[in-house]
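Listed in order, the protein sequences are those of chains C and U.
Residues in the first sequence are numbered from -2 upward in steps of one, following the numbering used here.
Residues in the second sequence are numbered from 5 upward in steps of one, following the numbering used here.
Ideal Cβ placement from N, Cα and C applies to all residues, glycine included.
Given the structure is predicted, the values throughout are model-derived calculations rather than measurements.
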Amino acid sequence: MDDRLTTAFFVVVGVPASLVGYIFLVELVLRLVPQRRVPRIRPLLWIAPALAFLAVFLIYPTLDTIRRSFMDRLSENYVGWSNYEYMWTDHAVRGAIVNNLLWLVFLTLGAVGIGLLVAVLVDRVRYEPVVKTVIFLPMAISFVAAGVIWRFMYDFRPESGTLNAIITGFGADPVAFFSEWPLNTFALIVVGVWMQVGFAMVILSAGLKSISNDLLEAARVDGATEWQIFRKVTFPLLLPTIAVISTAVIIIALKAFDIVYVMTNGNFNSEVLANRMYKEMFTFRHFGRASAIAVVLFLAIVPIMIFNIRRFREQEAIR
Amino acid sequence: MTVAPVHAPTLEAGAPARTRPPARTPGRRSRTGRIVLHLSLAVIMIVWLVPAVGLFVNSFRPPAAVSSSGWWTALAPPYEFTFSNYSEVLSRQGLDTAFLNSLFITIPATVLVLAVAAFAAYAFAWMQFVGKDVIFVVMVGLLVVPLQVTLVPLLRLFADLGIAGTFLSVWLAHTGFGLPFAIYLLRNYMGGLPREVFEAAAIDGAAPTTSFFRLALPMSAPVIAAMAIFQFLWVWNDLLVALVFIGPVPGNLPLTVLVSNLVNSLGGQWHLLTAAAFIMMVVPVAIFIALQRYFVRGITGGAVKG
Chain C
-2 MDDRLTTAFF VVVGVPASLV GYIFLVELVL RLVPQRRVPR IRPLLWIAPA
48 LAFLAVFLIY PTLDTIRRSF MDRLSENYVG WSNYEYMWTD HAVRGAIVNN
98 LLWLVFLTLG AVGIGLLVAV LVDRVRYEPV VKTVIFLPMA ISFVAAGVIW
148 RFMYDFRPES GTLNAIITGF GADPVAFFSE WPLNTFALIV VGVWMQVGFA
198 MVILSAGLKS ISNDLLEAAR VDGATEWQIF RKVTFPLLLP TIAVISTAVI
248 IIALKAFDIV YVMTNGNFNS EVLANRMYKE MFTFRHFGRA SAIAVVLFLA
298 IVPIMIFNIR RFREQEAIR
Chain U
5 MTVAPVHAPT LEAGAPARTR PPARTPGRRS RTGRIVLHLS LAVIMIVWLV
55 PAVGLFVNSF RPPAAVSSSG WWTALAPPYE FTFSNYSEVL SRQGLDTAFL
105 NSLFITIPAT VLVLAVAAFA AYAFAWMQFV GKDVIFVVMV GLLVVPLQVT
155 LVPLLRLFAD LGIAGTFLSV WLAHTGFGLP FAIYLLRNYM GGLPREVFEA
205 AAIDGAAPTT SFFRLALPMS APVIAAMAIF QFLWVWNDLL VALVFIGPVP
255 GNLPLTVLVS NLVNSLGGQW HLLTAAAFIM MVVPVAIFIA LQRYFVRGIT
305 GGAVKG
């Protein structure tokens, strides 16, 4: 325990201190360099520590994973496309891909749809902050905690499972939420929606408030109903914001891991790609296949990457 | 990834402490319309609260009661509540150690990412250099790289370095993963600071280090707070990275990994799981409620890490 405390203290104080030391050292060295060169060299030295981190912990591993995805179990020999062929032919992996698609569609629709609904409704009441805090709170907790909370909601026995207590209260038989596909995947997606709605709501709500009141008042004076105003004015103006949130939620859906790991561990066909990858890594010890799955996840995200870069460029252009 | 329509001054709009009038003029909504509105909001709030409230109530009930009757029965007399579930998970299931481990993992990972990002963000915001735009575009691309894609090589790298299973490996990994977003968020904020301030400082002969430590850093305090909260919550709540990099070393497990193990090993022992889940949630929820304003500002100002 003491040992860990020393290390932690060393890192918390030592690393920032040495970074500050590094910057002052850079400035000292720059005094020896001809003055006209300094403005060119200085920025590169300032960003060097960050670039080194990115290179070692993101760029190199990504490239190395692509390489390993063409290699065998222990990354010793190249095996061509066979890891990818395995992905397309293996029943379990294909099931994981289907589940990921379900996650992608329904988590996005659920989180953004409900988020929009709450943002619009809450804009009209005085207790807005209270509602927002309640909806937003699940974002603060871990997927593991949410998993425990919802395992208990979904529990089969009506004495402890809240949902089954309600269902049996209406006279129906209790439902086994986790043992049937696709019900189990949808049950897991509901947990994801419960956690992500707050995120969509907060951003949409901020977007909503940036729409000028005059515009809405003008529409009202012209005799538009609230629903018409929403459809013809508010919604089109929010579309760019909705697009951005959707990409964020799509990424969360593609990377889904924790909820599935804690609640079903992928049993009864509820597996998603990230869980499959974890199993290939640690249960089957096949780094080639695990890497191929990771590469497929990465490729699925590339279009979003391009979308982001385009948006970033547009924003910079108007800066 | 950013949220374009929201600019610095209006960021407050999403936060509870807003300066605008609380509600829009209701238009010509009918009385029934208002009732439907309040009812739907009430239903949504109940749906959102019930799962957590149920768990919370059960965590204070004796084991026999938890397994024989639903949490809602405890809301009526006779009341029987106990702290024994908490004391048992803390002492016997190792949650006390895991709690400290979570702190040991989270705090350095948060400090590290801010320290590394701050200098780079300042350089990207206020210095000119060849390749700046290209490097920054790559950074924007890195924002969404799924960290799954880095796991196998990093696991190998940490094994080669002999730090597999240590806190150091997780600190380094989380710093790497958090860095693109940290640089992006900080750079956008620093770039929005008034240019005149930095020009005046330069004219007065201030060195870049002076501008950075005396001007940029103190003025960026809100965004640094936002980033610290983000990173703290990400790392505290992370399961995958901890599972992969320190999974095999039981003494170093953080709460997320320990509790997910308990879910499998304790299975039906709800009275213990509920208490464990709440111990895990206490810190992030407290931080979140106390610093919600910064958190919301960070989200609306430049939103999501990959």
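Mind the definition here: the segment 210 to 221 of chain U touches the segment 63 to 73 of chain U only if three or more C-beta pairs lie below 8 Å; say whether that holds. no
Please report whether the beta-carbon of residue 271 of chain C lies at a distance below 9 Å from any beta-carbon of chain A. The structure shown contains no chain A; the protein chains it does contain are C and U.
Using the beta-carbon of each residue, which ones in chain C are nearer than 7 Å to residue 300 of chain U? Ordered by position in chain C, the residues that pass the 7 Å Cβ test against residue 300 of chain U are 199.
Determine whether the Cβ of residue 180 of chain U lies closer than 9 Å to any Cβ atom of chain C. So yes, residue 180 of chain U belongs to the interface.
DSSP state of residue 75 of chain C, grouped into three classes? strand
Could you tell me the boundaries of the alpha helix (DSSP H) in which residue 283 of chain C lies? Neither: residue 283 of chain C is in no alpha helix (DSSP H) and is coded neither H nor E.
Does the segment 154 to 168 of chain U touch the segment 240 to 256 of chain U, meaning 3 or more C-beta pairs lie closer than 8 Å? yes
Residues of chain U with CB closer than 8 Å to the CB of residue 189 of chain C, please, in chain order. Ordered by position in chain U, no residue passes the 8 Å Cβ test against residue 189 of chain C, which lies about 13 Å from the chain.
With a Cβ-Cβ cutoff of 9 Å, do residue 129 of chain U and residue 183 of chain U count as a contact? no
Name the residue from C:7, C:298, C:93 and C:116 whose alpha carbon lies nearest to the alpha carbon of residue 254 of chain C. C:93
What is the residue span of the alpha helix (DSSP H) that residue 197 of chain U lies within? That residue, residue 197 of chain U, is in no alpha helix (DSSP H); it is neither H nor E in DSSP.
Name the residue from C:214, C:30 and C:155 whose alpha carbon lies nearest to the alpha carbon of residue 77 of chain U. C:155
Of all the CB atoms in chain U, is at least one closer than 9 Å to the CB of residue 268 of chain C? no
Limits of the alpha helix (DSSP H) - the one that residue 115 of chain C falls within: 88 to 119
What residues in the segment 233 to 247 of chain C have a beta carbon less than 7 Å from any beta carbon of chain U? Against chain U - using a Cβ distance shorter than 7 Å - the residues of the segment 233 to 247 of chain C are 237, 238, 241, 244 and 245.
Express the C-alpha separation of residue 91 of chain C and residue 101 of chain C in angstroms, rounding to a whole number. 15 Å
Taking the CB atoms as reference points, tell me whether residue 169 of chain U and residue 250 of chain U lie closer together than 9 Å. yes
Are residue 190 of chain C and residue 107 of chain C close, meaning C-beta to C-beta below 9 Å? Contact: yes.
Residue span of the alpha helix (DSSP H) that contains residue 152 of chain C, given as start and end: Per DSSP, residue 152 of chain C belongs to no alpha helix (DSSP H) and is neither H nor E.
Give the DSSP-derived three-state secondary structure of residue 68 of chain C in the structure shown. strand
Where residue 250 of chain C and residue 98 of chain C are concerned, what is the direct C-alpha to C-alpha distance, given to the nearest angstrom? Rounded to the nearest whole angstrom, the CA to CA distance from residue 250 of chain C to residue 98 of chain C is 8 Å.
Does the pairing of the segment 199 to 209 of chain C with the segment 227 to 244 of chain C give three or more beta-carbon distances under 8 Å? yes
Does the CB of residue 252 of chain C have a neighbour CB from chain U at under 9 Å? yes
Looking at the C-beta of residue 269 of chain U, does it have a partner C-beta in chain C at a distance below 9 Å? no
Neighbour flag for residue 280 of chain C against chain U, beta carbons, 9 Å: no
Near residue 35 of chain C, what residues of its chain come up, given a Cβ to Cβ distance below 6 Å and the 5 sequence neighbours on each side ignored? Excluding residues up to 5 positions away in sequence, 27 lie with their Cβ nearer than 6 Å to the Cβ of residue 35 of chain C in the same chain.
Any beta carbon from chain U within less than 9 Å of residue 78 of chain C's own beta carbon? Judged by the 9 Å Cβ criterion, residue 78 of chain C is not in contact with chain U.
How big is the Cα-Cα spacing for residue 158 of chain C and residue 225 of chain U? 45 Å
On a Cα-Cα basis, can you pick out the residue from C:0, C:20, C:219 and C:269 that is closest to residue 185 of chain C? C:269
Measure the alpha-carbon distance for residue 284 of chain C versus residue 188 of chain U and round it to whole angstroms. About 32 Å.
Between residue 176 of chain U and chain C, is there a C-beta pair that is closer than 9 Å? Yes - at least one Cβ of chain C is within 9 Å of the one on residue 176 of chain U.
Listed by chain order, chain C residues near residue 112 of chain U by CB distance under 7 Å: Here the neighbours are 5, 8 and 9.
Counting only C-beta atoms, is residue 242 of chain U closer than 9 Å to chain C at any point? yes
For residue 140 of chain C, is the classification buried or exposed, using 16 other Cβ atoms within 10 angstroms of its Cβ as the cut-off for buried? buried
Of the residues U:299, U:293 and U:301, which one's Cα is nearest the Cα of residue 131 of chain C? U:293
Would residue 43 of chain C be called buried (16 or more neighbouring beta carbons within 10 Å of its own) or exposed? buried
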